[in-house]
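The structure appears right after this line, and notes come after that.
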Amino acid sequence: MSGDCIDKHNVQGDIWPGLSKKYEDFHFFRILNVERFKSHLSSFIPHITDCEKAMQDKGLIRQHKIAVAQGTESPKLLDVVGVNISFTSKGLALLGKRDIQSKAFEIGQLADMTDTANGGRDKATDWMDEFKNKEIHGLINIGGSSKDIVEKKWKDIQALFVGRFKFTTSIEEVVALSGKDRDAPNGSKEHFGYEDGISQPKIQGLDRPEEGEKAPPLIPPGIFFLGHRGQPICQPDWAHEGSFLAIRKLQCMVPEFDKYLEDEASKHNLTSEQLAARFMGRWRSGAPIDMAPDQDNPALAHSNNFDFDPADTQSRCPFAAHIRKSRPRADIEDRFTRSIFRRGITYGPDVTEQEKKDHKTTVDRGIFFMAYSSDIDNGFSFMQKKMINNSQWPEREPATGPEGAGLDPFCGQAVPPGPPKFCMVDGDKKTVHVSLDNWVVARGGEYLFVPPIKFLKTLSKST
């Protein structure tokens, strides 16, 4: 195990600090010829955005915003683009690497998320055919400031791997997906209307501590980067400073969600916004209900100075609220192991007027969820199957009664035939269990390993 200082030229930049993007394309590919692919890698590697370059991009954007505020520059989109590459278990096996220790990674996301005996609740029938029946070996994700710059970068990269003839081609595309931030003024919000990207973990040796005595503590770097202090499971030396990625296409049924709030809130002596806040654990502004339980306070929109303490009550925030299920803070002793970096992006247009009128989704929209950590089994997989999908987690009787805390209203998946249930304190200060609908549907995804750049350089020379 090494110290806290990561090699910023070795770690791919979407892991940390994240690619700067308003648009992002995901190109899932299959390797056609291993030796040719290794050879082509040498030309591709200079296109990879490492931590250092990702930090520089964020610095340029920050400096431009300051200059705009000071009146010395006019607002504009800077030409920023970033590229990362990752591999599935089958892809790594083709490249001669079969020593990664991870059951979830080895069997893949479809098998893991449909394993009903262990808490998986995805329906294979809901998955896209490309993720269900096609073999995927890797992913090249490209994020940038405009659609044009992202598409141009892909053409440049495609030319490195795809020749005029099959015998000069090393990969073929299995499926391509495109995401983009919502249009202004909703660019920082996901489709349900909540402020997104709040409360990312902060890393020891890389980030400054968050302000406030109740803010989450800094997390050991090994929770995200292999080979560093805090790494849960030993992995091979070649994987040093790599990370795992769970990516999922999650369709969001927004008109149905809004209709539910409209119909159900008054039954519990709540407004629609109060019920929506209980479901998320934050108001749509981003303000945490643990700090502002009764009405929104936009001044707290990005505050993380709360910890759900005392942990035996849900008088302010329901135990099953999305942010409490997925990042329980004081609810558990181990505040580190289940941590993930979220790097997702929305896809699809805003809800149409006709959809609002009919209260029915007819256009595909949602989010490409992305989670990075050094351990999929104890990170994303455990979180989804054992926490989010578990109506008895956390165990908080007598506060919840025998029915338990219920499911995460957004990502929770009920045991068929359902419906999902959610426990909360209503507007009359009574503990109630309410029936939910399914507003988020998993349409596919993959588990991938994001290797260190040094490994890719070595691989490219091994032909």
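Position 279 of the sequence shown, counted from 1, bears residue number 279 in UniProt numbering, the numbering being contiguous throughout. Think of the CB as a built atom: it goes at the ideal place given N, C-alpha and C, for glycine as much as any other residue. These figures come from a predicted structure and were not determined experimentally.
So, are the CB atoms of Leu139 and Leu448 less than 9 Å apart? yes
Decide yes or no for the touch test of the region 162-181 against the region 17-37: beta carbon pairs closer than 8 Å, at least 3 of them. yes
Does the Cβ of Val68 have 16 or more other Cβ atoms within 10 Å, making it buried, or fewer, making it exposed? exposed
Counterpart residues of Gly143 in DSSP-defined beta bridges: According to DSSP, which records beta bridges pairwise, Gly143 is partnered with Glu24, Gly82.
Report yes if the C-beta distance between Phe369 and Gly344 is below 9 Å; otherwise report no. yes
Taking Cβ positions, are Leu77 and Ser178 nearer each other than 9 Å? no
Between the C-alpha atoms of Ala111 and Asn269, what's the straight-line distance to the nearest angstrom? 42 Å
Taking just the CA atoms, how far does Pro209 sit from Asn305? 11 Å
Quick one: what does DSSP say Val441 is sitting in, helix, strand or coil? strand
Could you check if Cys234 is buried or exposed, using at least 16 other CB atoms within 10 Å of its CB as the buried criterion? exposed
Kindly indicate which three-state DSSP category Asp50 falls into: helix, strand or coil? Three-state result, Asp50: strand.
For a quick check, are the C-beta atoms of Thr114 and Met253 less than 9 Å apart? Not in contact: Thr114 and Met253 (Cβ atoms no closer than 9 Å).
Can you tell me where the beta strand (DSSP E) with His433 in it begins and where it stops? That run of the beta strand (DSSP E) goes 431-435.
Residue range of the alpha helix (DSSP H) that Tyr260 falls in? 254-264
Close Cβ partners of Lys189 (< 8 Å) along its chain, the five nearest in sequence each way excluded: Arg182, Glu195, Asp196, Arg284
Please classify Val175: does DSSP put it in a helix, a strand, or coil? Per DSSP, reduced to three states, the secondary structure at Val175 is strand.
With burial defined as no fewer than 16 other Cβ atoms inside 10 Å of the residue's Cβ, what is the status of Gln109: buried or exposed? buried
Where Asn118 falls, given that 16 or more other Cβ within 10 Å makes a residue buried: Exposed, since its Cβ has fewer than 16 Cβ neighbours within 10 Å.
Might you give, ordered along the chain, the residues of its own chain that have their beta carbon closer than 6 Å to the beta carbon of Phe44, omitting 5 neighbours on each side? Leu160.
Can you tell me the Cα-Cα spacing of Lys214 and Ile289, whole angstroms? Straight-line Cα distance between these residues: approximately 14 Å.
Tell me, to the nearest whole angstrom, how far the beta carbon of Ala276 is from that of Phe380; I am working on the premise that it is less than 8 Å. Rounded, the Cβ-Cβ distance is 25 Å, inconsistent with contact.
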